[in-house]
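One structure below.
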Amino acid sequence: MQQPRVTIRDVAEQAGVSVATVSKVINQRYGVSVDTTARVQAVIDELGYEASLVAQSLRNHRTNVIGILVADLEPFSTELLKGAADAIRGSGFELVVYSAGGRTGDVVGWERRYLSRLSGTLVDGAVLVTPTVVDVNYGAPVVAVDPHTGSSGFPTVDADSLRGARLATEHLLDLGHRRIAMLTGRKDLESAKLREQGYREALAAAGVPFQESLVRVGGYDAELSALAAHELLTLPHRPTAVFAANDVTAIATIEVAQGLGLRVPEDLSVVGFDNIPESALCTPQLSTVNQPIRTMGEHAVEMLIRLIRGEPVERTHVTLATELVVRGSTAPA
């Protein structure tokens, strides 16, 4: 049976003081003796009392809570949350994560619906992770990480996807590969479009013709990527290398290749994008483009806190550098 929530009246009754006195202690106001404050605080600790965020917001117009809204909890957003947790330490703010749960009906505009649930009482500002829309009228500071449409009226934090994709493709070209396939990301995401553009630009710069038949949509989804990889690797004239738009797709490609009896990297080289922790744990370890996801989360929260406090923000659109990480999944053609 669920225990009833501890109320401020419960604290007052056990401490033998009035509700007003408990309120003064909680809000660190004057007019309460040191001994009484200590007694009330001891009861608060014993009962595990926490003031309601809604009540606190109505009273102080601030909750000192930041919301991070994600469409789903997957490797990218999970790594980004680690950076957000790094930034929140010692700031005086707390963090609440709100997930749309990956429901397909919420693909577009989910952030409007979920911001409206949190607005006004629960959070002082929000970080939106890969938001589909950036025209949300929230009435409080909002920072967008890797928004679908790229930079917007909102402050944004993203990484240099175009350069990262060029680095990945150039690495395969330098190894002598010429039939280089690509498994693209989500067509609705600006960073995914930039990764495909970087792939095409690197091929063109090397004088290698772009072949539509070597491109499939991976959609950042393991199951979809596995099907697409199987199509590519069973072509009569299959590719000798694959650039995958994220690590989840790349790892799925390696598994499909191994299932078909292909050796990675001897028969097939694979490069991913993101450098999530799983990329160093697969066999062979994945060559990938490091996107500083954790730093992106850290920057977004730091920027949001400054906006909430009304402090100046030097740059409202931050693009972080990407770099190639060469491991064991790539080899000469």
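Residue numbers (numbering that gives the first Met the number 0): 0 to 332. Each residue gets a CB set at the ideal place from its N, CA and C atoms; glycine is no exception.
Checklist entry - Does the region 209–224 touch the region 278–297, meaning 3 or more C-beta pairs lie closer than 8 angstroms? => result no
Item to check | Span separating the alpha-carbon of A41 from that of V255 | outcome: 59 angstroms
Item to check | Reduced DSSP category for L261 - H, G, I as helix; E, B as strand; rest coil | outcome: coil
Checklist entry - The alpha helix (DSSP H) with T131 in it runs from where to where? => result Where T131 is concerned, there is no enclosing alpha helix (DSSP H), given that its DSSP letter is neither H nor E.
Item to check | Backbone secondary structure at H298 - three-state DSSP | outcome: helix
Next on the checklist: Taking the alpha-carbon of N63 as reference, which of I87, L267 and L72 has the nearest alpha-carbon?
Outcome noted: I87
Checklist entry - Given a threshold of 16 other Cβ atoms within 10 Å of its Cβ, counted over all protein chains shown, does E44 qualify as buried or as exposed? => result Going by the sequence as given, residue 44 is Asp instead of Glu. Exposed, by the Cβ-count rule.
Next on the checklist: Taking the alpha carbon of I65 as the reference point, which residue from G47, V95, Y48 and V39 has its own alpha carbon closest?
Outcome noted: V95
Checklist entry - Among the residues of its own chain, which have a CB less than 8 angstroms from the CB of V16, if the five just before and after it don't count? => result T35, R38 and V39
Next on the checklist: Closer than 8 angstroms is the cut-off here; do at least three beta carbon pairs connect the region 317–326 with the region 157–166?
Outcome noted: yes
Checklist entry - From L121 to L303, what distance separates their C-alpha atoms? => result 16 angstroms
Next on the checklist: Going by C-alpha to C-alpha distance, which of L306, P276 and N245 sits closest to V142?
Outcome noted: L306
Next on the checklist: Using beta carbons (cut-off 9 angstroms, strictly below), is R112 in contact with chain C?
Outcome noted: The structure shown contains no chain C; it is built from a single protein chain.
Checklist entry - Does the region 234–253 come close enough to the region 182–198 to have 3 or more Cβ pairs within less than 8 angstroms? => result yes
Checklist entry - Secondary structure at E310, three-state DSSP: helix, strand or coil? => result coil
Checklist entry - Fully enclosed by the region 174–213, which alpha helix (DSSP H) runs are 4 residues long or longer? => result 189–204
Item to check | Residue span of the alpha helix (DSSP H) that contains L232, given as start and end | outcome: A221 to L232
Next on the checklist: With the cut-off set at 9 angstroms, would you say L127 and L171 are in Cβ contact?
Outcome noted: no
Next on the checklist: Please report the straight-line C-alpha distance between T168 and A125, rounded to a whole angstrom.
Outcome noted: 36 angstroms
Item to check | DSSP state of G91 mapped onto helix, strand, coil | outcome: coil
Next on the checklist: Please classify H176 as buried or exposed, where buried requires at least 16 neighbouring CB atoms within 10 angstroms.
Outcome noted: buried
Checklist entry - Is the beta carbon of G260 within less than 8 angstroms of some heavy atom of the ligand ADP? => result The model on display carries no ligand, and the ligand ADP is accordingly not part of it.
Item to check | Burial state of E78, where buried means 16 or more other Cβ atoms lie within 10 Å | outcome: buried
Checklist entry - Should Y29 go down as buried or exposed, given a rule of 16 or more other Cβ atoms within 10 Å for buried? => result exposed
Item to check | Proximity of D273 and P74 at Cβ, strictly below 9 angstroms | outcome: yes
Item to check | C-alpha gap between H236 and G327, whole angstroms | outcome: 24 angstroms
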